[in-house]
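K.L.:
Please see the structure below; I have some questions.
Structure follows, in structure tokens:
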């Protein structure tokens, strides 16, 4: 498999995390509607529960990120370390954007 460049990976990680939060929450809302549960409350609850999984799926699993951090620290390859940190930040941004969109749609309050 050919390795993609940094900028496409950066954009992909953002939209993968966004898609996991939005898609998982909305499909879960459909399932809660079919089972007689309150769908908007379930959509909001799922959006906050799916954030960490969206980040993990966007960066491609944890072992690649750990290996990149190891290589960056022990082999003084700081360029790859910074790239991996930026990709993780992009995934964090995508997950947060998805949660904010769900918050706007459901009119629930984000509590910290």
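Residue numbers (the working numbering): 7 to 118.
All C-beta atoms, glycine included, are put in the ideal place defined by N, C-alpha and C.
By Cβ distance below 6 Å, which residues in the same chain neighbour residue 97 in space, the five residues on each side in sequence not counted?
P.N.:
What you label residue 97 is simply residue 91 of the chain shown in a count that begins at 1. So the list reads 19, 23, 61, 64, 65, once near-sequence residues are dropped.
K.L.:
Measuring only the C-alpha atoms, how far is residue 87 from residue 44?
P.N.:
The sequence position of residue 87 within the chain shown is 81, counting from 1. The sequence position of residue 44 within the chain shown is 38, counting from 1. Cα to Cα, the separation comes out at about 43 Å.
K.L.:
Please give me, in chain order, every unbroken run of the alpha helix (DSSP H) with length at least 4 that falls completely inside the segment 26 to 68.
P.N.:
Listed in chain order, the complete alpha helix (DSSP H) runs (minimum 4 residues) inside the segment 26 to 68 are 45 to 55, 57 to 64.
K.L.:
When the Cα atoms are used, what is the spatial distance from residue 85 to residue 41?
P.N.:
For the purposes of this step, residue 85 is identified with residue 79 of the chain shown, where counting begins at 1. For the purposes of this step, residue 41 is identified with residue 35 of the chain shown, where counting begins at 1. Their backbone Cα atoms lie some 49 Å apart in a straight line.
K.L.:
Could you name the residues of the same chain whose beta carbon sits closer than 6 Å to that of residue 51, not counting the 5 residues immediately before and after it, in chain order?
P.N.:
For the purposes of this step, residue 51 is taken as residue 45 along the chain shown, with counting starting at 1. Answer for residue 51: no residue qualifies.
K.L.:
Please look up how many angstroms separate the CB atoms of residue 48 and residue 34, rounded, as I've assumed it's under 8 Å.
P.N.:
In the chain shown, residue 48 corresponds to position 42, counting from 1. In the chain shown, residue 34 corresponds to position 28, counting from 1. That pair is a contact at about 6 Å.
K.L.:
Going by other Cβ atoms of all chains shown within 10 Å of its Cβ, with 16 needed for buried, is residue 26 buried or exposed?
P.N.:
Taking the first residue of the chain shown as position 1, residue 26 is located at position 20. With 16 or more other Cβ atoms within 10 Å, it is buried.
K.L.:
In angstroms with no decimal places, state the Cα-to-Cα distance between residue 111 and residue 17.
P.N.:
Locating residue 111 in the chain shown gives position 105, where the first residue counts as 1. Locating residue 17 in the chain shown gives position 11, where the first residue counts as 1. About 24 Å.
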